[in-house]
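Q: Below you will find the structure I want to go over with you.
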């Protein structure tokens, strides 16, 4: 899963880990999952949040209160002075918070935060828009995890195969050759099969499940900031170029992860 791919970066004592995506896509829940992995006796974790969604044992949590001047930026300033090992900032919303978070990562802390971008590669131009220096971004960021929530299919679902016109339509949004390769790697498709041969699933309405869906599940992409990616950040290249390089280095996009979960019968293609 995505968290396993992030685990190696959670072991690094310094730097920054960002979770990106739109509002309400479960970014905070992912941050808490990371903190749970890191929350061992003797490790000092401090947070600035808005709001505090879960209380965590042994974690020093601060609630943002803009009315009394306790913003993300001021809260972060105060935290850095207490010198915790790990700092979690609920969201990087403005230039000041971006600068302070990067600075905290530079001065020997592991910083976890979220950013509002549509995909992982979009985090870099977003931080540059927030006046962060490309050199500092490239030297502090360890990994970006982007996510979305998709609807989870109920146990009862309808099996079907993709028709030619559906594949033509999907081709506009994604690289079907790459998806074929991934499904073969994950043993969801035999070498002799094509996308037309394997089953996908649609919602089926039942008494227990009138919508055909129940709950949601995350689809993810994990972009490790490798040496080559660092060079691209320094050159201020576009997010597309960064994404292409990350794909060459083995990154699976959210759409590709979504296809894997569709072939597993967890969600539907639409």
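In UniProt numbering, the protein residues as written are 1 to 270. From the three backbone atoms N, C-alpha and C, an ideal C-beta is built for every residue, glycine too. Since the model is a prediction, treat every value here as computed from it, not as a measurement.
1. Under DSSP, the alpha helix (DSSP H) around residue 27 begins and ends at which residues?
2. Express the C-alpha separation of residue 239 and residue 124 in angstroms, rounding to a whole number.
3. Assuming residue 226 contacts residue 249 under a Cβ cut-off of 8 Å, what Cβ separation, rounded to an integer in Å, is found between them?
4. If you draw a straight line from the alpha carbon of residue 75 to that of residue 62, how long is it in whole angstroms?
5. Per the DSSP calculation, residue 14 is bridged to which residue(s)?
6. With residue 260 as the anchor, note down where its alpha helix (DSSP H) starts and where it stops.
7. Report the partner residues of residue 138 according to the DSSP bridge assignment.
8. Starting from residue 215, follow the beta strand (DSSP E) in both directions and report where the run begins and ends.
9. Count the other C-beta atoms from every protein chain shown that fall within 10 angstroms of the C-beta of residue 201, then say buried if there are 16 or more, exposed otherwise.
10. Alpha carbon to alpha carbon, how far is residue 100 from residue 77? Give it in angstroms, no decimals.
11. By DSSP's criteria, residue 47 is part of a beta bridge. Which residues make up the other side?
12. Can you tell me where the beta strand (DSSP E) with residue 97 in it begins and where it stops?
13. For residue 21 and residue 10, what's the separation of their Cα atoms in angstroms?
14. Shorter than 6 Å, the distance from the beta carbon of residue 59 to the closest heavy atom of the ligand HEM, or not?
15. Tell me the DSSP bridge mates of residue 114?
16. Would you report the Cα separation of residue 246 and residue 134, rounded to the nearest angstrom?
17. Starting from residue 158, trace the alpha helix (DSSP H) both ways and give me its first and last residue.
18. Going by Cα to Cα distance, which pick from 162, 57, 49, 93 is closest to residue 38?
19. Please identify the residue among 60, 199, 154, 25 whose C-alpha is closest to the C-alpha of residue 35.
20. Can you tell which of 179, 132, 79, 218 has its C-alpha closest to the C-alpha of residue 49?
21. Excluding the five sequence neighbours on either side, which residues of its own chain have a C-beta within less than 8 Å of the C-beta of residue 152, listed in chain order?
22. With DSSP as the reference, label residue 203 as helix, strand or coil.
23. Alpha carbon to alpha carbon, how far is residue 244 from residue 120?
A: Answer, in terms of the structure:
1. Taken as a continuous stretch (DSSP letters only), the alpha helix (DSSP H) holding residue 27 covers 27-38.
2. About 7 Å.
3. Yes, they are in contact, since the Cβ atoms of residue 226 and residue 249 sit about 6 Å apart, within 8 Å.
4. Their Cα atoms are separated by approximately 8 Å.
5. In the DSSP assignment, no residue is bridged to residue 14.
6. Run containing residue 260: 254-263, per the alpha helix (DSSP H) assignment.
7. Residue pairing for residue 138: DSSP places it in no beta bridge.
8. Residue range 213-224 is occupied by the beta strand (DSSP E) that includes residue 215.
9. In the assembly as shown, residue 201 is a buried residue. Its beta-carbon has 16 or more other beta-carbons within 10 Å.
10. Rounded to whole angstroms, the gap between the alpha carbons of residue 77 and residue 100 is 7 Å.
11. Within the DSSP secondary-structure output, residue 47 pairs in a beta bridge with 61, 88.
12. Per DSSP, residue 97 belongs to no beta strand (DSSP E); it is in the alpha helix (DSSP H), 95-106.
13. Distance between the alpha carbons of residue 21 and residue 10: 20 Å.
14. Here there are no bound small molecules, and the ligand HEM is not part of this structure.
15. Its beta-bridge partners are 19.
16. Looking at the two C-alpha atoms, the distance is approximately 18 Å.
17. Element bounds for residue 158: not the alpha helix (DSSP H) but the beta strand (DSSP E), 157-160.
18. When each option's Cα is compared against that of residue 38, the closest is 57.
19. It is 60.
20. The alpha carbon of residue 49 has as its nearest neighbour, out of 179, 132, 79, 218, the alpha carbon of 79.
21. Shown here for residue 152: same chain residues with a beta carbon closer than 8 Å to its own, the five before and five after excluded, namely 213, 214, 215, 216, 217, 266, 267 in chain order.
22. Per DSSP, reduced to three states, the secondary structure at residue 203 is strand.
23. In this structure, the alpha-carbon of residue 244 lies about 12 Å from that of residue 120.
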